[in-house]
Ligand code: ZN
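Numbering (my numbering), first residue to last: 29 to 326.
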């Protein structure tokens with residue numbers, strides 16, 4: 029059966045080296061791909077994920093050294109949450125303290141323990157205790173994202189009619205939708221009718237990508253978006269590790285639909301993911317110039 033859920037989340041950050049240090053050393057994610065923004069090759073595009081970079085575990089960043097901070101608001105992702113073992117919250121508190129990272133007091137949300145924190149650029153993150161066994165501070169993949177919206181119904185229609193989600197629970201004025209995948213299956217819509225509009229910058233999520241098994245599944249989703257919902261969708265773009273289309277959902281959040289194929293081992297072996305600077309074929313002739321201009325990662 030086709031799995032539905034998040035494919036990846038992409039955000040803006042400040043300096044690349046600080047971003048790499050936080051996500052690999054503090055959160056323990058693997059750098060699974062070191063490439064550039066295909067639309068702006070002077071900027072890194074860093075991909076973090078699990079050992080093999082499975083869909084549902086991938087958080088990516090466009091680091092810009094002197095980026096202005098974003099302003100949180102409606103029409104964007106308010107929080108990106110990772111799933112961790114339920115018994116690991118205490119160990120995570122120790123792990124964050126050891127690295128001098130502030131966090132909130134754990135709270136309960138939708139029946140689960142949630143430990144909220146921010147990355148060095150202010151990106152709102154959460155660690156959510158799930159049913160998985162273990163007490164070690166590890167990340168299992170995404171838990172999900174929370175979108176802040178003026179109204180939730182139009183976005184909910186896209187989630188349920190096109191992206192393979194169903195309503196799972198309600199709490200206050202938040203509604204949680206679930207896909208079928210083991211990692212990254214939750215999207216929570218938080219209504220905030222009077223909230224200010226968000227302004228993107230360092231610490232903001234740029235877009236949220238959803239899974240399609242292959243090109244045919246993606247085409248069917250595009251047909252539903254354009255035919256039944258009247259939305260404009262981009263042409264398919266080859267992102268080397270997946271193929272993508274983009275659209276602005278009715279609440280203002282940029283959504284992407286990315287194929288599960290071909291995956292991150294298409295240009296380097298699985299045990300060496302993230303070790304080399306990888307460029308798409310059209311940028312390969314400019315490798316020396318691109319590599320020399322990229323900011324240092326350490
Ligand atoms: Zn993307």
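All C-beta atoms in this analysis are idealised placements derived from N, C-alpha and C, irrespective of residue type, glycine included.
Can you tell me the Cβ-Cβ gap for residue i and residue j, rounded? I've got them flagged as a contact below 8 Å.
i, j, result
"residue 30", "residue 230", "Wrong, their Cβ atoms sit about 35 Å apart, outside the cutoff."
"residue 174", "residue 106", "5 Å"
"residue 33", "residue 239", "6 Å"
"residue 141", "residue 167", "Actually they are not in contact, since the Cβ atoms of residue 141 and residue 167 sit about 15 Å apart, beyond 8 Å."
"residue 281", "residue 104", "6 Å"
"residue 302", "residue 60", "5 Å"
"residue 108", "residue 151", "7 Å"
"residue 178", "residue 102", "5 Å"
Alpha helix (DSSP H) containing residue i: first to last residue?
i, result
"residue 250", "243-255"
"residue 25", "Residue 25 is absent from the structure shown; the chain starts at 29 and stops at 326."
"residue 185", "181-189"
"residue 119", "117-126"
"residue 46", "44-49"
I need the straight-line Cα distance from residue i to residue j, nearest angstrom please.
i, j, result
"residue 46", "residue 127", "13 Å"
"residue 321", "residue 69", "9 Å"
"residue 52", "residue 248", "36 Å"
"residue 225", "residue 297", "43 Å"
"residue 271", "residue 164", "35 Å"
"residue 42", "residue 62", "16 Å"
"residue 92", "residue 81", "23 Å"
"residue 200", "residue 48", "36 Å"
"residue 100", "residue 233", "10 Å"
"residue 148", "residue 58", "18 Å"
"residue 186", "residue 253", "8 Å"
"residue 309", "residue 71", "17 Å"
"residue 64", "residue 319", "9 Å"
"residue 267", "residue 278", "25 Å"
Taking C-beta to C-beta, are residue i and residue j nearer than 7 Å?
i, j, result
"residue 285", "residue 273", "yes"
"residue 98", "residue 227", "yes"
"residue 236", "residue 37", "yes"
"residue 120", "residue 153", "no"
"residue 171", "residue 138", "no"
"residue 315", "residue 325", "no"
"residue 223", "residue 85", "no"
"residue 292", "residue 269", "yes"
"residue 207", "residue 193", "yes"
"residue 110", "residue 39", "no"
"residue 216", "residue 204", "yes"
"residue 220", "residue 265", "no"
"residue 250", "residue 129", "no"
"residue 180", "residue 242", "no"
"residue 113", "residue 160", "yes"
"residue 197", "residue 218", "no"
"residue 95", "residue 323", "no"
"residue 132", "residue 146", "no"
From which residue to which residue does the beta strand (DSSP E) around residue i run?
i, result
"residue 317", "Note, residue 317: premise wrong, no beta strand (DSSP E); alpha helix (DSSP H) at 315-321."
"residue 68", "68-77"
"residue 134", "Run containing residue 134: none; DSSP gives neither H nor E here."
"residue 65", "58-65"
"residue 284", "282-287"
"residue 195", "194-199"
"residue 215", "214-219"
"residue 308", "No beta strand (DSSP E) holds residue 308; DSSP gives it neither H nor E."
"residue 203", "202-206"
"residue 274", "271-276"
Does the CB of residue i have a neighbour CB from chain D at under 7 Å?
i, result
"residue 228", "Included in the structure is just one protein chain, with no chain D present."
Tell me whether residue i, by its Cβ, gets closer than 6 Å to a heavy atom of the ligand PLP.
i, result
"residue 278", "Ligands in the displayed structure: the ligand ZN; the ligand PLP is not one of them."
Check each residue's C-beta against every heavy atom of the ligand ZN and list, in chain order, those closer than 5 Å. 38, 237, 284
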